[in-house]
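Each residue of the sequence shown is one higher than the one before, counting from 185 in our numbering. Heads up, the beta-carbon is just placed ideally off N, CA and C, and yes, glycines get one too.
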Amino acid sequence: MNAIYWFQNDLRLQDNAGLAACAARAGRLLLVYFWPRNHPWFNHTGLGGQRQRFLVESVQALRDELLSRGQDLLVLEGNPEQALPQLARQVSADVVATSRAAGYYERRTRERVALRLAVPLEVHRANTLFDEQDLPFTPGAMPGQFTPFRARVEALPVPAPASSAPEFPPPPDILFADIEGVAVKAHPALPVRGGSAGGLRRLRQWTSRGGGIAVYKDTRDCLDGLDGSSTLSPWLANGCVSVRQVAAAVAAYEAAEGANDSSRWMSFELLWREFFYWRAIADDVSLFRASGATGKARRCTFEPRNFARWSQGDTNYPLVNALVRQLLATGWMSNRGRQIAASCLVNEYGIDWRYGAAFFEKHLIDFEVASNYGNWQYLAGVGADPRGGRHFDIEKQSARFDPEGLFTQKWGGFRPKQPDYVTDAADWPLPAS
Ligand code: FAD
Numbered sequence: 185m186n187a188i189y190w191f192q193n194d195l196r197l198q199d200n201a202g203l204a205a206c207a208a209r210a211g212r213l214l215l216v217y218f219w220p221r222n223h224p225w226f227n228h229t230g231l232g233g234q235r236q237r238f239l240v241e242s243v244q245a246l247r248d249e250l251l252s253r254g255q256d257l258l259v260l261e262g263n264p265e266q267a268l269p270q271l272a273r274q275v276s277a278d279v280v281a282t283s284r285a286a287g288y289y290e291r292r293t294r295e296r297v298a299l300r301l302a303v304p305l306e307v308h309r310a311n312t313l314f315d316e317q318d319l320p321f322t323p324g325a326m327p328g329q330f331t332p333f334r335a336r337v338e339a340l341p342v343p344a345p346a347s348s349a350p351e352f353p354p355p356p357d358i359l360f361a362d363i364e365g366v367a368v369k370a371h372p373a374l375p376v377r378g379g380s381a382g383g384l385r386r387l388r389q390w391t392s393r394g395g396g397i398a399v400y401k402d403t404r405d406c407l408d409g410l411d412g413s414s415t416l417s418p419w420l421a422n423g424c425v426s427v428r429q430v431a432a433a434v435a436a437y438e439a440a441e442g443a444n445d446s447s448r449w450m451s452f453e454l455l456w457r458e459f460f461y462w463r464a465i466a467d468d469v470s471l472f473r474a475s476g477a478t479g480k481a482r483r484c485t486f487e488p489r490n491f492a493r494w495s496q497g498d499t500n501y502p503l504v505n506a507l508v509r510q511l512l513a514t515g516w517m518s519n520r521g522r523q524i525a526a527s528c529l530v531n532e533y534g535i536d537w538r539y540g541a542a543f544f545e546k547h548l549i550d551f552e553v554a555s556n557y558g559n560w561q562y563l564a565g566v567g568a569d570p571r572g573g574r575h576f577d578i579e580k581q582s583a584r585f586d587p588e589g590l591f592t593q594k595w596g597g598f599r600p601k602q603p604d605y606v607t608d609a610a611d612w613p614l615p616a617s
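Structure below.
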C-alpha cells in the first residue's frame, strides 16, 4: 500500500498516532508539509519573524530526524486541496492521512481535500489529552464553560504516550527540495529552538527534581519566559511535543516527588488547553465572529491610531508597551501579560478583539487557533467566561507584577506620553504625525 501523511501542527515522530498508523501499513510513504498560507486577516498578513523562525526550525528538525531514518519530508507552498490530489495521483497513493487540527478553516480545507481526492482521507486524533470517543459528551454537547468541563473530564485517565517513533517504510521516488532557512535569530531573552529535541529537553528540565514545576503555582505569573511558567507552549502548539508527553512527565514527577499544588496546577492548565480545543471544534465558525460563542455582539470601535500605538508598544500604558515589545522581539508573552495587553486593547481602546487576536496570531511562536481565539473571546466577554469578560486595572497590575518597573524598563515600555485623541477642528481623527 502507498500512503501520504500530511503533517499540520503535529511536527513530531514520537507519539503521533496518525503518523504511526500510516507508517505501520504503508509499503511506501510520502510525508508532506505545507507552509501556512498568507491570508490577510484583520490588518495582518503573513507570519512575524519569530513565529516564522520557530516554525522553520521545527520543520527542519523534523526533516533531519526523518532523513536519519531513511525517510524525507516534502515541504510545499500552496493549497493542500490542489496539491494533495495531484501528489496522490503521482505516487499512486491508496490513502492520505492527517490529524484533526482545530479551527473552521482547517476543517474546510480537510473537507475540500477529501472531496478532491480519489482515495480516502483518514483524519486522526490531534494533539489532545483525550480521544473524542473517551469524552463523556459529544463535541456538540461540550460544556460552554471550563468548570463543568473540568468536572466531567478531570478523572478520565490520560492514555500513556507512545514511547518511540515508528519504523518508516521508504519514500516514493520523487524529488525533495531543501528548506530555506531564515535570517532571524532567537532573542537572547528567550533562546528556544523549534523541534522535538529542544522541546523534550525543556520538558525534562522543567519536570526534573528541583525543576520549575516544584514552584510553578507561585511563579507562573512571572512576566518573563523560562523563569516562571513552563514555556512549553511553543513546542506544544507546533506539535513538536505531545500534550500526553507533558502529562506523563508531570505524572512521573508526582510519582517521584509527590503531588503538590504546583504540579496539580500544571495539569489544570493542560485541561484549559484541552477545553479550548474541544470548544473550537464545537464553536466552528463562531470562533471568529465578533459576537463569539455567545452570539452577543460587543460594542466596539476602530481608531487606527490607537491600534497602531498598541501594536507597536507605544501607548500611554508602559507595562502594555513592554509586553507588546517583548512579543515582537521574542514571539512569546506570559499568560498574565497576554491578559493585560488584551484587556488594554478591548477595554481601554474599545477595539474589536479580533484585531488583537490576529496580531497575536501573526507573532506568537506558540499560536494555536483554539487557545488564541478562545482566550481572546473569554477576555472580551463573548466566550467562555462566566463573568462576561475581564477588565484589568493596568496600574494595579503593574504595581503587582512589575512593582519596580524592571520588566517595563527592560523592554523599553516607558514612552513619551501622547494625547489620547488627535482631531482636527471638525473633530475628525487626525493621523498621528
Ligand atoms: P504554562 O503556564 O506553563 O502552562 C502549561 C501549558 O498549559 C501551556 O504551554 C499551554 O499549552 C497550556 N495553557 C496554559 N494556560 C492556558 C490557557 N489560558 N489557555 C489554553 N492553554 C493554556 N496559548 C497558546 O498555547 N497559544 C495561543 O495562541 C494562546 N493565545 C492566548 C491569547 C490570550 C489573549 C491569552 C490570555 C492566552 C493565550 N494563550 C495561548 C494561553 C496562555 O497564555 C499560554 O498557553 C501560556 O502563556 C504559555 O506559556 P507556558 O507554556 O509557560 O504556560
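What first and last residue would you give for the alpha helix (DSSP H) that runs through residue 294?
Taking the first residue of the sequence shown as position 1, residue 294 is located at position 110. Run containing residue 294: 288–300, per the alpha helix (DSSP H) assignment.
Can you check whether the CB of residue 235 is closer than 8 Å to the CB of residue 547?
Translated into positions along the sequence shown, residue 547 becomes position 363. Translated into positions along the sequence shown, residue 235 becomes position 51. Yes, these two residues count as a Cβ contact at 8 Å.
Run the CB neighbour count on residue 313, radius 10 Å, all protein chains shown included, and call it buried at 16 or more, exposed below.
Against the sequence shown, residue 313 aligns to sequence position 129. Label assigned to residue 313: buried.
Reduced DSSP category for residue 188 - H, G, I as helix; E, B as strand; rest coil:
Counting from one through the sequence shown, the residue named residue 188 turns up at place 4. Three-state result, residue 188: strand.
Comparing alpha-carbon positions, which option in 226, 568, 468, 432 lies nearest residue 540?
If you number the sequence shown from 1, residue 540 lands on position 356. The shortest Cα separation from residue 540 among 226, 568, 468, 432 belongs to 226.
The alpha helix (DSSP H) with residue 451 in it runs from where to where?
As a first step, residue 451 must be located in the sequence shown, where it is residue number 267. Run containing residue 451: 445–467, per the alpha helix (DSSP H) assignment.
Assuming residue 510 and residue 537 form a contact by the criterion Cβ under 8 Å, report the distance between their Cβ atoms to the nearest whole angstrom.
Reading the sequence shown from its first residue, position 326 is the one you call residue 510. Reading the sequence shown from its first residue, position 353 is the one you call residue 537. About 20 Å separates the two Cβ atoms, so there is no contact after all.
What residue ranges within the stretch 226–300 form continuous alpha helix (DSSP H) runs of no fewer than 4 residues, ordered along the chain?
233–251, 264–274, 288–300
Report the three-state DSSP secondary structure of residue 485 (helix, strand or coil).
Translated into the one-based positions of the sequence shown, residue 485 becomes position 301. Here residue 485 sits in strand by DSSP.
Contact check, residue 205 vs residue 371 under 8 Å by CB: the rounded distance?
Position 21 of the sequence shown, counted from the start, is the residue given in the question as residue 205. Position 187 of the sequence shown, counted from the start, is the residue given in the question as residue 371. That pair is no contact at about 38 Å.
Grouping DSSP H, G and I as helix and E and B as strand, with all else coil, what is residue 514?
What you label residue 514 is simply residue 330 of the sequence shown in a count that begins at 1. It is helical.
Looking at the unbroken alpha helix (DSSP H) that takes in residue 557, where does it start and where does it end?
Position 373 of the sequence shown holds residue 557. From DSSP, the alpha helix (DSSP H) with residue 557 extends over 553–564.
When you compare the CB positions of residue 454 and residue 427, do they come within less than 8 Å of one another, or not?
Counted from its first residue, the sequence shown places residue 454 at position 270. Counted from its first residue, the sequence shown places residue 427 at position 243. Yes, Cβ-Cβ distance for residue 454 and residue 427 is below 8 Å.
Meets three-Cβ-pair contact criterion under 8 Å: the stretch 461–479 and the stretch 313–324
yes
Cutoff 8 Å; reference residue 451; Cβ partners in own chain excluding five residues on either side:
Locating residue 451 in the sequence shown gives position 267, counting from the first residue. Around residue 451: 431, 434.
What span of residues does the beta strand (DSSP E) with residue 212 cover, start to end?
Along the sequence shown, one-based indexing puts residue 212 at 28. Segment 212–218, the beta strand (DSSP E) holding residue 212.
So is the beta-carbon of residue 552 under 7 Å away from any non-hydrogen atom of the ligand FAD?
Walking along the sequence shown from the start, residue 552 turns up at place 368. Yes, the ligand FAD has a heavy atom inside 7 Å of this Cβ.
So residue 305 is in the beta strand (DSSP E); what residue range does that whole segment cover?
Translated into the one-based positions of the sequence shown, residue 305 becomes position 121. It spans 305–308 - the beta strand (DSSP E) in which residue 305 sits, taken as one unbroken run.
Between the alpha carbons of residue 439 and residue 447, how many angstroms are there, rounded?
To locate residue 439, count along the sequence shown from 1; it is residue 255. To locate residue 447, count along the sequence shown from 1; it is residue 263. Distance between the alpha carbons of residue 439 and residue 447: 11 Å.
beta-carbon residue 421 near the ligand FAD non-hydrogen atom, thresh 7 Å
Working through the sequence shown from its first residue, we reach residue 421 at position 237. Checking the Cβ of residue 421 against the ligand FAD gives yes.
For residue 358, the three-state DSSP class (helix, strand or coil)
In the sequence shown, residue 358 corresponds to position 174, counting from 1. Here residue 358 sits in coil by DSSP.
When you compare only the Cα positions, how much space is there between residue 492 and residue 296?
Numbered from 1 along the sequence shown, position 308 holds the residue referred to as residue 492. Numbered from 1 along the sequence shown, position 112 holds the residue referred to as residue 296. Rounded to whole angstroms, residue 492 to residue 296 spans 36 Å at the Cα level.
So for residue 607, helix, strand or coil by DSSP?
For the purposes of this step, residue 607 is taken as residue 423 along the sequence shown, with counting starting at 1. Strand, per DSSP.
Extent of the continuous alpha helix (DSSP H) run through residue 207
Looking up residue 207 in the sequence shown gives position 23. Its alpha helix (DSSP H) spans residues 201–209.
Is any non-hydrogen atom of the ligand FAD found closer than 7 Å to the C-beta of residue 326, if you look at the structure I gave you?
The residue given as residue 326 occupies position 142 in the sequence shown. Incorrect: residue 326 has no Cβ contact closer than 7 Å to the ligand FAD.
Residue 397 in three-state terms, based on DSSP:
Counting from 1 along the sequence shown, the entry for residue 397 is found at position 213. Three-state result, residue 397: helix.
Would residue 441 and residue 393 qualify as a contact pair, given that the criterion is a beta-carbon distance under 8 Å?
If you number the sequence shown from 1, residue 441 lands on position 257. If you number the sequence shown from 1, residue 393 lands on position 209. For residue 441 and residue 393, yes; Cβs fall inside 8 Å.
If you drop the 5 nearest sequence neighbours on each side, which residues of the same chain put their C-beta closer than 6 Å to that of residue 582?
To locate residue 582, count along the sequence shown from 1; it is residue 398. Around residue 582: 503.
Apart from the five residues on each side of it in sequence, which residues of its chain come closer than 7 Å, Cβ to Cβ, to residue 573?
Position 389 of the sequence shown, counting from 1, holds the residue named residue 573. Cβ neighbours of residue 573 beyond the five flanking positions: 563, 564, 565.
Could you tell me the alpha carbon to alpha carbon distance between residue 363 and residue 349, rounded to whole angstroms?
For the purposes of this step, residue 363 is taken as residue 179 along the sequence shown, with counting starting at 1. For the purposes of this step, residue 349 is taken as residue 165 along the sequence shown, with counting starting at 1. Straight-line Cα distance between these residues: approximately 23 Å.
Would DSSP call residue 524 helix, strand or coil?
Counting from one through the sequence shown, the residue named residue 524 turns up at place 340. Looking at residue 524 - three-state DSSP - the assignment turns out to be helix.
Can you tell me whether residue 578 is helix, strand or coil according to DSSP?
If you number the sequence shown from 1, residue 578 lands on position 394. In this structure, residue 578 counts as helix in the three-state DSSP scheme.
Going by DSSP in three states, residue 502 sits in which element: helix, strand or coil?
By one-based count along the sequence shown, residue 502 stands at place 318. The answer is helix: DSSP assigns residue 502 an H, G or I state.
Could you round the C-beta distance between residue 352 and residue 253 to whole angstroms and report it? I think they count as a contact, below 8 Å.
To locate residue 352, count along the sequence shown from 1; it is residue 168. To locate residue 253, count along the sequence shown from 1; it is residue 69. About 5 Å separates the two Cβ atoms, so the contact holds.
Beta-carbon contacts of residue 419 that lie in its chain and below 6 Å, excluding the five residues immediately before and after:
For the purposes of this step, residue 419 is identified with residue 235 of the sequence shown, where counting begins at 1. Once the five neighbours on either side are set aside, the close Cβ partners of residue 419 are 383, 425.
Assess, as a yes-or-no matter, whether the stretch 186–198 is touched by the stretch 209–224 under the definition of 3 or more beta carbon pairs within less than 8 Å.
yes
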